[in-house]
Amino acid sequence: MAKFCLKGYCWILLVLARQVIGSPGEGTQVWERLNQVNPLNESQLFTHGTFPPGFLWGVGSSSLQIEDDHSSRGPSVWDQYMRTQQSWRGIPSMDQPADISDSFSSKELPALEFLGVNFYHFSISWPRLFPQGNGDPSEPGVHYYNSTINMLIRKGIQPVITLYHWDLPVPVQEKYGGWSNQSAIHLFNNYARFCFLMFGDRVKYWITMHNPYLIAWHGYGTGLHAPWIKGDDAAVSAVAHTLIKAHAVVWHTYNTHFRPSQRGYLSVTLGSHWIEPEKRHMDSSAINLCQESMDTVLGRFAKPIYIDGDYPESLKRKYGSILPKFSETDKAYIKGTADFFAFSFGPNNFKRSNESNKLVRVLIHLRGVLNWIKTEYNNPKILIMENGWFSNSNIQTEDTTMVYIMKKFINDILQAIKYDNIKVFGYTAWSLFDSFEWQEGYKIRRGLFYVDFTNKNKAVTPKSSALYFKQIVKEHGFPEEVPEPTIQGQFPCNFTWGITDSVLKAELAPSSPQFVDRKLYVWNITGDGILHAIKGVELKTRAAQCTDFITIKKQLALLKNMKVTHYRFALNWSIIMPKGDLSSVNRDVVRYYRCMISEASKLGITTMLTLYYPTHGSLSLPGPLLERGGWLNRSITQAFSDYAKLCFHEFGDLVKQWITINEPNRFSQYYHHSSNNTYLAVHNALIAHSKAWHLYDKIYRPQQRGQISLSLHTDWAEPANPFIPSHAEAAERFLQFDIAWIAEPIFGSGDYPSLMRQYITTKNHKGMTTSYLPNFTEEEKELVKGTADFLALNHFTTRLVIHEPKNDSRFESDRDIHFLSDATRLMSFNGLAVVPRGIRQLLNWMRKNYGNIPIYITANGVDDKASEKDELRVYYLQKYSQQLLQAYLKDNINLKGYYAFKLTDKTKPQYGFYSSAIYDTKAKASVNVYSAIITANGFPSDQSRNSCKTQSQENSCPFCTYLQDKKPLIFFIFCLFSTSTLLLTVTIIRKYKRKKRKLHSVKHQHNVCFLIKKKDGFSHC
Amino acid sequence: MDYCNIMKGKQFALKQVFLVKGFLFVALALSRSERAIASPIRDNSPILGFADQVRIRHLYADNEHTHLHLQISSEGKVSGTKEKNQYSLLEIKAVKPSILVIRGIKSTRYLCMDSKHHLYGSIVYKEDDCNFREVPLSDGYNFYYSEKHPAQLTLTPTRGGHPSSKLVRFIPMESSIPLESLFAEDYFYDHRPGSYLDIEDPLRMIDRSNIFSPSLDS
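Printed below as a string of structure tokens:
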């Protein structure tokens, strides 16, 4: 049993009781398993919760990158390049001597304390301790590291030290040829021994070298790193071979001479990328390619060190004789020379990827690579020594993307620990400060703290990622975000459960010719298989009936099966009124729509009718109106009013809920060339809606008693970066520009939101836009204000919003925002994030702004690729309706109804509860889930007891319903019964008559009957 | 009295038949009603002889040498394919007695025949060119004639064997193409990050696109 003790936490490692988890080469299972992962499984969703007790949090840097003064040490192979980069960037040279101990205590140490980390992972500069690479150590160098370690320990921060992070002393390179010469091993061992001797009493975690693959590959292969040597695979392999040996020698030095007294742990940080087969190429050849790729980078070092002292088989196959061989003595010497698995996962391993193969793709999927390590190396204890990404040099403290990449990485680790039982015991965020980034120079920034390079004396500033990391360290992971248990309960008894459909395509003629064709036919009379009309025979055709339309019958069957009580669909303005005015009304189409509504109502399904519903493909306006400029021409408001009048007149007796226009706030899709067009089109739409509302209110409402509104596209918005006030403002601004833009004139003041007006005016003054938001006249304000009887909300997702000033005059630019999608969120194929609580927040925001108006969710749904088992939609539906229940019960939102989106797919599986007609409109799994929610009217604690059901007729008289349903059958049985009774009676009568006749004949012909009786033995004749 | 007994036996058997039939009907009705609850009622008209007025089929044609399925490409080219594919999936709808309109599902083009008897796929429906008369043969095959033009729907094998052996006998075959594969290439395209990761936003989280609304997607 070995004990890992650090900062009071003890790790007990049961070395003897280790179970064999996997072995080299078995990492291929990881990709096979990946293929079967269900993204809805709890283990795949963002994981709330904390890390195991004793999990270590740290931050890292390296000597060359963070040490301020480079004049007081010996030269390293990177120095010349770094100076060139500095002068290019106008960064003052750091060749003047300065007290670097002072710099550490004034900059690094406070930063570390700010983050609250358990350890600091840094490296010792070999040329600072040994300016010549060997020989006499430098006294100030030893003093510097001694004081650094002491300061850290005094603050309760453990030093975790890397001996070699790429800053090779120039003499070692020039005199010996660096790592291509075996003698470097000896020099490195001497240096390491000195470090153990001087600092080992206070250091528990030692790393021999950082990412040897990059040292070999970029330093001696691609020539991107010092010492800038370009070489072939053989040269790279030779250097890697030397590095492995150098590590092993140092481990043995520590193990033999220092471990007994110092009791520390030593390893080597290995870095890698991650690679997966493309989804469509998930086969053994692609998997082998991935295995080979991982073995080349990671397995090359990890297998000899952690398993058996020899290279992976795939590497031997790939390189053949190029690959150096370990002797049996070497193997025994190298095997087992690491006390834990030190791992690095960062951008340097993803640069210049040589995998330009279409079968595979490289991903920053940390959980995948951790699983691979687990399987290949028998589930070692892992310490993440480097993890992070980078931002471009123009990014200062507002590194929002980095926050979400960090969230993804750290959650990957939490999932790996929680669900895959991977033994990660510590994490190093990389890096502490922005600094020189090797071959990238100063083009990228990797720090948690921002550094102004041109002014070295300026204080370093924590970036958003530093604040986020501090929060994770403090909370020890991701504790539950305000726990929201699922609650039990029901919606009100008169709650509307519906389904939304877009524009219903009218069937222009009855489907079946038998109702319109007057001829009578005979088939195949001449043997040619053709129907021949009989001349002179004229049949009567049946009067047109709604049942003639097969599509209606089909559509209603879907609704009935779903158990919805309401159906929302849209009319096609351009087909009903092809010329845009009352001069031509397509009566056939009107009749079709009326049939749909009346047939539905016979089944107890109420219709919510949308008058105007533009789609992606077209504005769906009558041609002449489109030619006159569509919504940009004010005259359209009168045309719309006429159209609405026609619809109220034709359908108003049956339709009690009207939507005039669907999502006017999405007109920006059609009128996108300039913001002024967008604003004008919406302005006219608002006037048109108001006219229709007043028309209904005055003329039709007294008799028809319906309600009328317009439906809004209302996605919820949250600030992407919680640490930046401008993001919170941007989120609210988005809601104002997108929702309040339409809602405020109608439900609020009668004018556009003041925030929106002011923002555009201010931008105008600054010359950043030429947008002009139209003004309502006082008359128009009165016309528009209050013209909706309920709020109709189409809600699909929640977006993260970033503030970004934009200089251009389009609607999307005026609000100065762009979006960010959190990679840890569950997302649909079309990119809709599934954030159930968003709908509840939206409802509360609506009430806060517009009061307690009745609210209908008029569309809510998600796209799902599955054609039958649409698990994502099921998940979405359950979670969103649960949030609605909470909004209703806990927040007392005046919620009246819910329309799921939508009934059928158009072609491929997307938003439909039923598949498209191409494949028989099959019900997907979500249909049953939705009808169960409808039947229970929510989520009652006792499914069998539905408090509303008792009032309904259905339950009170199940037999009546049964009779109603089975009318034809009962009739048939009745006929059958009466026919058989009749037959029976007739027979009995006949029999009786015959008997009588027989008796009569017996009376008169005794002898004959007697004879027969005797012959057959029948007694009753 | 032989006659008397025979009548009795007959009557008994008749009664039994009625009884059994009655039970059968009741059982049938019950089983049907259960099915009706579980899935939407299909428009299974015995008069029409097939499931729907609109059928989704492949038009399979063969002769002693070869077989083909009629396909309509996105560009409107009409040809034959050995293997069924998404372009050979056709929507067949009756518009008048014996008269059909045939439309490619993937290409969304109507099968039409011009006055020179060439087949083509048309985006718009033209009554003269795009109506076909279906003539069933006794062996289950059909002939298809243009309603207007005096010519028969014919597929010519492009390669190999007998150039003269044109295919004129068709069978509308049920589709075996799963829905996913019909739109396969759309689905294999992955929005998630690909191989090129040497960028600031490797998870492709920054979204500068405009808002799209699912409700406009139709």
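Those protein sequences? They're chains A and B, same order as listed.
Note that the UniProt record's numbering numbers the first sequence so that position 334 is 334, with each residue one more than the last.
Note that the UniProt record's numbering numbers the second sequence so that position 57 is 57, with each residue one more than the last.
Quick reminder that beta carbons are idealized off the backbone N, C-alpha and C, glycines included.
Predicted, not measured: the structure shown is a model, and the values here were computed from it.
Opening and closing residue of the beta strand (DSSP E) in which residue i lies
{"i": "Y220(A)", "result": "Not the beta strand (DSSP E): Y220(A) falls in the alpha helix (DSSP H), residues P212 to Y220."}
{"i": "L224(A)", "result": "From DSSP, L224(A) is part of no beta strand (DSSP E); its letter is neither H nor E."}
{"i": "E134(B)", "result": "N131 to P136"}
{"i": "Y817(A)", "result": "For the sequence presented, residue 817(A) should be read as Ile rather than Tyr. Unbroken beta strand (DSSP E) run through I817(A): I817 to L820."}
{"i": "R103(B)", "result": "I99 to G104"}
{"i": "G80(B)", "result": "V78 to T81"}
{"i": "L531(A)", "result": "L531 to A533"}
{"i": "M294(A)", "result": "M294(A) -> not in any beta strand (DSSP E); alpha helix (DSSP H) instead, spanning S284 to M294."}
Within chain B, the residues that residue i reaches when beta carbons sit closer than 7 Å
{"i": "A859(A)", "result": "S215"}
{"i": "E812(A)", "result": "N210"}
{"i": "T401(A)", "result": "E200, D201, M205 and I206"}
{"i": "H566(A)", "result": "Result: empty, since nearest Cβ-Cβ is about 16 Å, beyond 7 Å."}
For residue i, the first and last residue of its enclosing alpha helix (DSSP H)
{"i": "W741(A)", "result": "W741 to F747"}
{"i": "T762(A)", "result": "S754 to K766"}
{"i": "Y265(A)", "result": "First-last for Y265(A): Y265 to G271, but that is the beta strand (DSSP E), not the alpha helix (DSSP H)."}
{"i": "E812(A)", "result": "F811 to D814"}
{"i": "W438(A)", "result": "No alpha helix (DSSP H) contains W438(A), which DSSP labels as neither H nor E."}
{"i": "L359(A)", "result": "Premise fails: L359(A) is in no alpha helix (DSSP H) and is neither H nor E."}
{"i": "T375(A)", "result": "L366 to E376"}
{"i": "C195(A)", "result": "S183 to F199"}
Interface residues of chain B facing residue i [CB-CB closer than 9 Å]
{"i": "S821(A)", "result": "L203, R204, M205, I206 and D207"}
{"i": "N794(A)", "result": "S213, P214 and S215"}
{"i": "F350(A)", "result": "L197, D198 and P202"}
{"i": "R73(A)", "result": "The premise fails here: R73(A) is roughly 32 Å from chain B at the closest Cβ pair, so nothing lies under 9 Å."}
{"i": "S502(A)", "result": "S215, L216, D217 and S218"}
{"i": "residue 1039(A)", "result": "It is not possible to answer for residue 1039(A), since the shown part of chain A is limited to 1 through 1021."}
Contacts of residue i in chain A (Cβ-Cβ under 7 Å)
{"i": "P97(B)", "result": "P513, D517, Y521 and L531"}
{"i": "V124(B)", "result": "Simply none; closest approach about 15 Å."}
Cross-chain neighbours of residue i in chain B, by beta carbon under 8 Å
{"i": "E663(A)", "result": "S213, S215 and L216"}
{"i": "F392(A)", "result": "For the sequence presented, residue 392(A) should be read as Asn rather than Phe. Neighbours of N392(A) on chain B, chain order: E200."}
{"i": "Q657(A)", "result": "None at all; the shortest Cβ gap to chain B is about 17 Å."}
{"i": "Y911(A)", "result": "P214 and D217"}
{"i": "H713(A)", "result": "I211, S213 and S215"}
{"i": "F901(A)", "result": "P214 and S215"}
{"i": "W389(A)", "result": "E200 and P202"}
{"i": "P324(A)", "result": "Simply none; closest approach about 30 Å."}
{"i": "D528(A)", "result": "V135"}
Contact belief for residue i with residue j at Cβ below 8 Å, rounded distance in angstroms
{"i": "S180(A)", "j": "V250(A)", "result": "Not really, about 19 Å apart at Cβ, beyond 8 Å."}
{"i": "G58(A)", "j": "F114(A)", "result": "In fact, because the Cβ distance is near 14 Å, the residues do not count as touching under 8 Å."}
{"i": "S107(B)", "j": "Y87(B)", "result": "6 Å"}
{"i": "L89(B)", "j": "V362(A)", "result": "So it is not a contact: roughly 37 Å between Cβ atoms."}
{"i": "G133(A)", "j": "P169(A)", "result": "4 Å"}
*For the region 203-216 of chain B, which residues have a CB atom closer than 9 Å to at least one CB atom of chain A, in sequence order?*
L203, R204, M205, I206, D207, R208, S209, N210, I211, F212, S213, P214, S215 and L216
*Output the residue ranges of the beta strand (DSSP E) runs that lie fully inside the region 842-910 of chain A and measure 3 residues or longer, sorted by chain position.*
855-859 and 895-901
*Output, in sequence order along the chain, the residues in the region 126-152 of chain B whose CB is closer than 7 Å to any CB in chain A.*
V135, P136 and L137
*Could you run through the region 405-430 of chain A and flag, in chain order, every residue whose CB is less than 8 Å away from some CB of chain B?*
I405 and K408
*At which residue ranges does the region 597-648 of chain A contain complete alpha helix (DSSP H) runs of 4 or more residues, listed in the order of the chain?*
623-627
*Interfacial residues, the region 364-375 of chain A to chain B, with Cβ spacing under 7 Å*: I364
*When you check each C-beta in the region 129-154 of chain A against every C-beta of chain B, which residues fall closer than 9 Å?*
none
_Members of the region 722-742 of chain A near chain B, C-beta cut-off 8 Å_ = D738
*Just by C-beta distance, which residues in the region 665-680 of chain A are closer than 9 Å to chain B?*
N665, R666, S668, Q669 and H672
*Interface positions of the region 598-622 of chain A facing chain B (Cβ-Cβ less than 7 Å), listed along the chain*: P614, T615 and H616
*Go through the region 57-86 of chain A residue by residue and report every complete run of the alpha helix (DSSP H) that reaches 4 residues or more, in order.*
63-66
*asked:* Report the start-end ranges of each alpha helix (DSSP H) in the region 15-56 of chain A that is 4 residues or longer and not cut off at the edges.
replied: 28-34
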